[in-house]
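Enquirer: First to last, the protein sequences are chains A and B. Going by this note's numbering, the first sequence opens with residue 969, and the numbers climb by one from there. Going by this note's numbering, the second sequence opens with residue 969, and the numbers climb by one from there. We treat Cβ as the ideally placed atom computed from N, Cα and C, and that holds for glycine. Every value quoted in this text rests on a predicted model; they were computed, and no experiment measured them. This structure is in structure tokens; I'll ask about it shortly.
2 protein chains.
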Amino acid sequence: MSAKLRIIPLGGLGEIGKNMTAIEYEDEIIIIDVGIMFPENDMLGIDYIIPDFEYLLDKLDKVKAVLFTHGHEDHVGAVSHLMKHVKAPIYATPLTAGFIQVKLQRAGLHKDIRLNVIQAGDVFDVGSFTIEPFHMAHSIPDCVGFGITTPVGLIVHSGDYKFDHTPIDGWPPDFAKLAEFSQRGVLCLMADSTNAERDGWTPTEVSVSAAFEEVFGDAKGRIIVASFASHISRIQQVANATYRHGRKLAITGRSMRDNVKMATDLGYLDVPNDLIIELEQAKKMPPSKVTIMATGSQGEPTSVMGRLAYGRDHRLSVEPGDTIILSAHTIPGNEETVTRIINRLFQRGALVIYEAMTHVHVSGHASREEMKLLINLVRPKFFLPVHGELRHLTQHGRLAEELGIPHQNIAVVENGTIIELTADSLEVGQRIPGGYIYVDGDSVGDIGRKVLRDRERLAESGYFVASISMGKNGKLQGKPDYVTRGIVNFEADFYNGLTENIETMLDRHGQKPKDHLKQIMEETISRFIYSSTGKRPMVSAILQ
Amino acid sequence: MSAKLRIIPLGGLGEIGKNMTAIEYEDEIIIIDVGIMFPENDMLGIDYIIPDFEYLLDKLDKVKAVLFTHGHEDHVGAVSHLMKHVKAPIYATPLTAGFIQVKLQRAGLHKDIRLNVIQAGDVFDVGSFTIEPFHMAHSIPDCVGFGITTPVGLIVHSGDYKFDHTPIDGWPPDFAKLAEFSQRGVLCLMADSTNAERDGWTPTEVSVSAAFEEVFGDAKGRIIVASFASHISRIQQVANATYRHGRKLAITGRSMRDNVKMATDLGYLDVPNDLIIELEQAKKMPPSKVTIMATGSQGEPTSVMGRLAYGRDHRLSVEPGDTIILSAHTIPGNEETVTRIINRLFQRGALVIYEAMTHVHVSGHASREEMKLLINLVRPKFFLPVHGELRHLTQHGRLAEELGIPHQNIAVVENGTIIELTADSLEVGQRIPGGYIYVDGDSVGDIGRKVLRDRERLAESGYFVASISMGKNGKLQGKPDYVTRGIVNFEADFYNGLTENIETMLDRHGQKPKDHLKQIMEETISRFIYSSTGKRPMVSAILQ
């Protein structure tokens, strides 16, 4: 009996197979992407989340290659966390390699890791795998999917994609390669499910240029555009519109400036030499001659747009007459912060242009008609929807079934589930333990669910600590010290009442063992607080 | 010079003129609606928010009437909070009065307050105002807007509305009345702006019936429908589909059962006698014969749907083969919890039907084409967009301008802004102080921004309290006691290091005045924690 190929999407409960995937055959493993997840609203105090790769830790020498599909944070952001452990070579296209290089350098890993720059259309071997990166269109240039010829058959991984016939970089997806894979016979297709709930065909990036054209044509004053720092295609479009309308472009925010420099150096941004000016220079020019690009399209309060909305930027302020374009999709969970920013910017007299009103943004992911085309182009035997939450994968799976792929040949699974493939079988195997690894300040992985639950409770009702001195006789000595935050401000009456309660309690129970007494004390305090506020803060008693 | 009419939308920074509005002329005030707001994600621990009516507190005897447009929580939910202070009569249509009556009873206020039941089409006087409620369609029956003839002219308030020609209760909006107002001449129109970013015309409620018909036709097992407890029209539609498909209907959740009973008694729900059965009975029937209605369409973890998704309901569980319909719009800010519920229900093998995939919900608010019709039907001199955030009001104002209302006759203002009207002028006056009143447990209004900021910091990084005994010589006595939650779990090494730090600090500063010493102590502890975790929890020192 020949060995099975194992495909394992890694990560927590969020998007599945998005941030990191392992493909394993006997003693060889290749990894696709190593990105970060953004915390949800109730993951309090968490900076970001990295995929749980504990599964790999006792197999590190089996890892033969780490492949990347494109340069967005959710695909490359955790590269340094992995490459501290894994010494295998990295393979990425030039722009993606540029993003990765910066991260490796910051982590001091750039000397240890071999970073191979590949091109769509290359063919190379890694152990018993043959890897064929092929060009796909998305919202960043230089995206690839991968054809991976394995001992059990050909696997095709779409990467993040949309079938954009007129992408900004003029390089449409490689339909011919997909058709060629199909002729060879594809064992399994892994495909982006992000927009599986969206009918039709995602509009081309070029349609955004038309919207910009209209907004730039109408604008009398300054134009300020917010987008992602890594959204190179959008930056190109803003530069084009700025140039056509005789304006100059100032770029604020370090990450965006760095990315613009790198992408220009690598030839992925085509911007006339004198188009880009310094912000200080822009401030001296007539408003009608100026475009400013900034980060903060998600309403982050510390971003440039966040500071502008709240009037807290010391270099720039929003003036009546400004036109502000939010050219990015609101990431689920950020709706409230974005909507506040929009309200605040209107309040300052700016005209705010955003996705709901004008097409100043289009999705970078395929919609349902494109998904159908991919499946029918590739005609795989087995289908593994990835990149999306369970709801999106489920809808993508149902769509594949409508196209004739048998139900039992489709695997909708969660992260950590091992998919086992042979030339003629797909089996959903066990689920390996694992979940989120939270990054919080300097701590990677030390924060668990318990700490988050504590934070939730603190956020809900605050805390109350009483430090109590007792005499040998078990009676209260002096007055207790109270420390409390995050509850209502208590009056003197409250504290007097509480101290009396504690005194009475100690008269009855003061001689009990300290552990037990501490517990009774905390219950006494909790009850007293609840009866006067209806709230249950975290209560601790220190007995001395 | 004759007096001016003042219109004052009351509330915080959320939706404007949504929850409560005061209309004042000389020594008479009438109030429209007294609803609650739902807290945003960063209003930690807050149950709900009531409008700030401090403006009224020294004018309580001027309030002559409290009018209600309809029975949703964001329009009636804070009635008891106001009616503790205001002894004026309430005016509401029968169903709305039913909702209000329950609230007054719970607050023990029902004997003190006169609740006048009115009908659309009535005309009555309140002091120098003549009030004419007129029928509007929304997602709950018995909605009205108000024509208010004031000494300076006729004000028309739309209430929440959509121009639904085929509402579930068969009672379309009163177009004729609006046209008649127009003939009399309307000084000012106040109109619902909720969907000012949505093009076209909101689909009729009846289109949901068609979607239900399809889903009910396909379902082989149980059908579970989640919606709002107050969504009487939707409950009617579910009952109709249940009846047509030979199923029986069980209703879970106390609030929904209470509402069904009240609406049936008042004749607003038309349900065959034997259609509704008990849940226990439903559980014994074949799945294909059962529909269950539940609350929890917003993914609230303690609601029936929340408990079902997480397998924590002791009476009911989701089984493979169940069809679950989420028939409600996700309120902004709830996207994450709703999406988790959907993922969890798919995980349990149910087929989940939701707004993104099938039209099992339509909005209850007018879209842009309806807004245009309202403005052109009423043809007001002045226009005051209300019911929406500043972004929606701004878009609604721009739309009115496109229809020919002069820019200076449109007032886009925030809550607390006084609008002054005469027969031929509209002025935006001062903004009265005020904002959110947070309700948190038993506390109404005691929680301010400071407590919320503390909770935010606690949620972000937890707290750390050190209780330290010092001798007369200012040296450390014994070992400090530490209490901490919401940070990483510290090892013994950490505590030993911290105690050493405190000892060294006391050797140098132990003789300083206690206040100053406490401050130095807290800084010492903060620095030590930051250097070992990169986090800044709230630190307190108790010196004894």
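Determine, for P1300 (chain B), whether the minimum Cβ-Cβ distance to residues of chain D falls below 8 Å.
Expert: The structure shown contains no chain D; the protein chains it does contain are A and B.
Enquirer: Counting only beta-carbon atoms, is Y946 (chain A) nearer than 8 Å to chain B?
Expert: As displayed, chain A neither begins before 969 nor continues past 1512, which places residue 946 (chain A) out of reach and without an answer.
Enquirer: Would a check of beta-carbon distances place M969 (chain B) closer than 8 Å to chain A?
Expert: Translated into positions along the second sequence, residue 969 (chain B) becomes position 1. Note that M969 (chain B) scores 48 on pLDDT, short of 50, meaning its location in the model is unreliable; the coordinates nonetheless yield the value given after this. Chain A contact via Cβ: absent.
Enquirer: Say the cut is 7 Å; is the CB of V1176 (chain B) nearer than that to a heavy atom of the ligand MG?
Expert: As far as ligands go, the structure on display features none, and thus does not contain the ligand MG.
Enquirer: Can you find a C-beta in chain A that's less than 8 Å from the C-beta of A1209 (chain B)?
Expert: Counted from its first residue, the second sequence places residue 1209 (chain B) at position 241. Chain A contact via Cβ: absent.
Enquirer: Compare the C-beta of R1359 (chain B) against all C-beta atoms of chain A and say whether one is closer than 8 Å.
Expert: The residue you call residue 1359 (chain B) lines up with position 391 of the second sequence. At least one chain A Cβ lies under 8 Å of R1359 (chain B).
Enquirer: T1220 (chain A) CB to nearest chain B CB: under 8 Å?
Expert: Locating residue 1220 (chain A) in the first sequence gives position 252, counting from the first residue. No, because no Cβ of chain B sits closer than 8 Å to the Cβ of T1220 (chain A).
Enquirer: Can you list, in chain order, the residues of its chain whose CB lies under 8 Å from that of K1340 (chain B), leaving out five sequence neighbours each side?
Expert: Locating residue 1340 (chain B) in the second sequence gives position 372, where the first residue counts as 1. Here the set comprises L1367, L1371.
Enquirer: Quick one, which residues of the region 1447-1472 of chain B are near chain A if we go by CB-CB under 8 Å, in chain order?
Expert: So the list reads D1449, V1451, R1453, G1454, I1455, V1456, N1457, given in the order they occur along the chain.
Enquirer: Please name the residue in B:T1472, B:H1477, B:I1343, B:T1172 whose C-alpha comes closest to that of H1106 (chain B).
Expert: Taking the second sequence and counting its residues from 1, one reaches residue 1106 (chain B) at position 138. The shortest C-alpha separation from H1106 (chain B) is found at B:T1172.
Enquirer: Rounded to the nearest angstrom, what separates I1493 (chain A) and T1305 (chain B) at their Cα positions?
Expert: Counted from its first residue, the first sequence places residue 1493 (chain A) at position 525. Counted from its first residue, the second sequence places residue 1305 (chain B) at position 337. Each residue's alpha carbon lies about 33 Å from the other.
Enquirer: Indicate the three-state DSSP secondary structure (helix, strand or coil) for I976 (chain B) in the structure shown.
Expert: On the second sequence, residue 976 (chain B) is found 8 positions in, with the first residue counted as 1. Strand, per DSSP.
Enquirer: Could you work out which residue in A:L1426, A:I1400, A:Y1463 is closest to L1025 (chain A) when comparing CA atoms only?
Expert: Translated into the one-based positions of the first sequence, residue 1025 (chain A) becomes position 57. Among A:L1426, A:I1400, A:Y1463, the Cα nearest to that of L1025 (chain A) is on A:I1400.
Enquirer: Determine the contact status of V1419 (chain A) and G1454 (chain B), defining contact as a CB-CB distance below 8 Å.
Expert: Sequence index remark: in the first sequence, residue 1419 (chain A) carries index 451 (1-based). Sequence index remark: in the second sequence, residue 1454 (chain B) carries index 486 (1-based). Cβ atoms of V1419 (chain A) and G1454 (chain B): closer than 8 Å.
Enquirer: So which residues on chain A does S1508 (chain B) lean against when the C-beta distance must stay under 7 Å?
Expert: Within the second sequence, the letter at position 540 stands for residue 1508 (chain B). Simply V1451.
Enquirer: Please report the residue range of the alpha helix (DSSP H) in which I1175 (chain A) lies.
Expert: Position 207 of the first sequence, counted from the start, is the residue given in the question as residue 1175 (chain A). Here residue 1175 (chain A) turns out to be Ser, not Ile, going by the sequence shown. From DSSP, the alpha helix (DSSP H) with S1175 (chain A) extends over 1174-1186.
Enquirer: Return the CA-CA distance between G1066 (chain B) and G1430 (chain A), expressed in angstroms with no decimal places.
Expert: As a first step, residue 1066 (chain B) is located in the second sequence; it is residue number 98 there, counting from the start. As a first step, residue 1430 (chain A) is located in the first sequence; it is residue number 462 there, counting from the start. Approximately 38 Å, taken between the alpha carbons.
Enquirer: Within its chain, find whatever has a CB closer than 6 Å to the CB of E1323 (chain B); leave out the 5 residues flanking it on each side and keep chain order.
Expert: Position 355 of the second sequence, counted from the start, is the residue given in the question as residue 1323 (chain B). Contacts found: H1329.
Enquirer: Got a sec? Which residues, its chain only, sit under 7 Å from S1437 (chain A) by beta carbon, not counting five neighbours each side?
Expert: Working through the first sequence from its first residue, we reach residue 1437 (chain A) at position 469. Same-chain partners within the cutoff: Q1445, G1446, Q1512.
Enquirer: Label H1043 (chain B) either buried or exposed according to how many other C-beta atoms from any shown protein chain fall within 10 Å of its C-beta, with 16 as the threshold for buried.
Expert: Locating residue 1043 (chain B) in the second sequence gives position 75, counting from the first residue. It counts as buried.
Enquirer: By the three-class DSSP mapping on this structure, what secondary structure does P1300 (chain A) have?
Expert: As a position in the first sequence, residue 1300 (chain A) is number 332, starting the count at 1. Looking at P1300 (chain A) - three-state DSSP - the assignment turns out to be coil, as it is neither helix nor strand.
Enquirer: Between the region 1414-1427 of chain B and chain A, which residues of the former have a C-beta closer than 7 Å to a C-beta of the latter?
Expert: Under the 7 Å Cβ criterion, the region 1414-1427 of chain B contributes D1414, I1415, V1419, D1422, R1423, L1426, A1427.
Enquirer: To which residues does DSSP link G1235 (chain B) through a beta bridge?
Expert: In the second sequence, counting from the first residue as 1, residue 1235 (chain B) sits at position 267. BP columns for G1235 (chain B) are empty, so no partner.
Enquirer: Going along chain B, which residues have a C-beta under 8 Å from S1411 (chain A)?
Expert: Locating residue 1411 (chain A) in the first sequence gives position 443, where the first residue counts as 1. Correct list: V1456, T1501, G1502, K1503.
Enquirer: Are the Cβ atoms of S1195 (chain A) and D1137 (chain A) separated by less than 8 Å?
Expert: Position 227 of the first sequence, counted from the first residue, corresponds to residue 1195 (chain A). Position 169 of the first sequence, counted from the first residue, corresponds to residue 1137 (chain A). No, these two residues do not count as a Cβ contact at 8 Å.
Enquirer: Using 8 Å as the threshold, is the C-beta distance between L1358 (chain B) and E1382 (chain B) below it?
Expert: If you number the second sequence from 1, residue 1358 (chain B) lands on position 390. If you number the second sequence from 1, residue 1382 (chain B) lands on position 414. Yes.
Enquirer: Can you tell me where the beta strand (DSSP E) with P1101 (chain A) in it begins and where it stops?
Expert: Here residue 1101 (chain A) is taken as the residue at index 133 of the first sequence, counted from 1. First-last of the beta strand (DSSP E) with P1101 (chain A): 1097-1104.
Enquirer: Residues of chain A with CB closer than 9 Å to the CB of S1175 (chain B), please, in chain order.
Expert: Residue mapping note: residue 1175 (chain B) aligns to position 207 of the second sequence, counting from 1. Under the 9 Å cutoff, chain A gives no residues; its nearest Cβ is about 17 Å from S1175 (chain B).
Enquirer: Look at the Cβ atom of T1210 (chain B), then the Cβ atom of L1243 (chain B), and state whether they are nearer than 8 Å.
Expert: As a position in the second sequence, residue 1210 (chain B) is number 242, starting the count at 1. As a position in the second sequence, residue 1243 (chain B) is number 275, starting the count at 1. Yes, these two residues count as a Cβ contact at 8 Å.
Enquirer: Cutting at 7 Å between CB atoms, please list the residues of its own chain near D1142 (chain A), excluding the five before and the five after it.
Expert: Mapped onto the first sequence, residue 1142 (chain A) falls at position 174. The answer, listed in chain order, is A1088, F1102, H1103.
Enquirer: Quick one: give me the first and last residue of the beta strand (DSSP E) that L1511 (chain A) is part of.
Expert: By one-based count along the first sequence, residue 1511 (chain A) stands at place 543. Its beta strand (DSSP E) spans residues 1506-1511.
Enquirer: Please name the residue or residues paired with D1160 (chain B) in a DSSP beta bridge.
Expert: Your numbering for residue 1160 (chain B) matches position 192 in the second sequence. D1160 (chain B) pairs with B:V1354.
Enquirer: Please determine, among B:D1128, B:N1009, B:L1063, the residue with the shortest C-alpha to C-alpha distance to L1342 (chain B).
Expert: Position 374 of the second sequence, counting from 1, holds the residue named residue 1342 (chain B). It is B:D1128.
Enquirer: Would you call the CB atoms of S1271 (chain B) and V1193 (chain B) closer than 8 Å?
Expert: Here residue 1271 (chain B) corresponds to residue number 303 of the second sequence, with the count starting at 1. Here residue 1193 (chain B) corresponds to residue number 225 of the second sequence, with the count starting at 1. Result no, Cβ atoms of S1271 (chain B) and V1193 (chain B) do not sit closer than 8 Å.
Enquirer: Compare the C-alpha of P1448 (chain A) against each of B:S1435, B:N1457, B:V1456, B:Y1450 and name the closest.
Expert: Here residue 1448 (chain A) corresponds to residue number 480 of the first sequence, with the count starting at 1. Out of B:S1435, B:N1457, B:V1456, B:Y1450, B:S1435 has the C-alpha closest to the C-alpha of P1448 (chain A).
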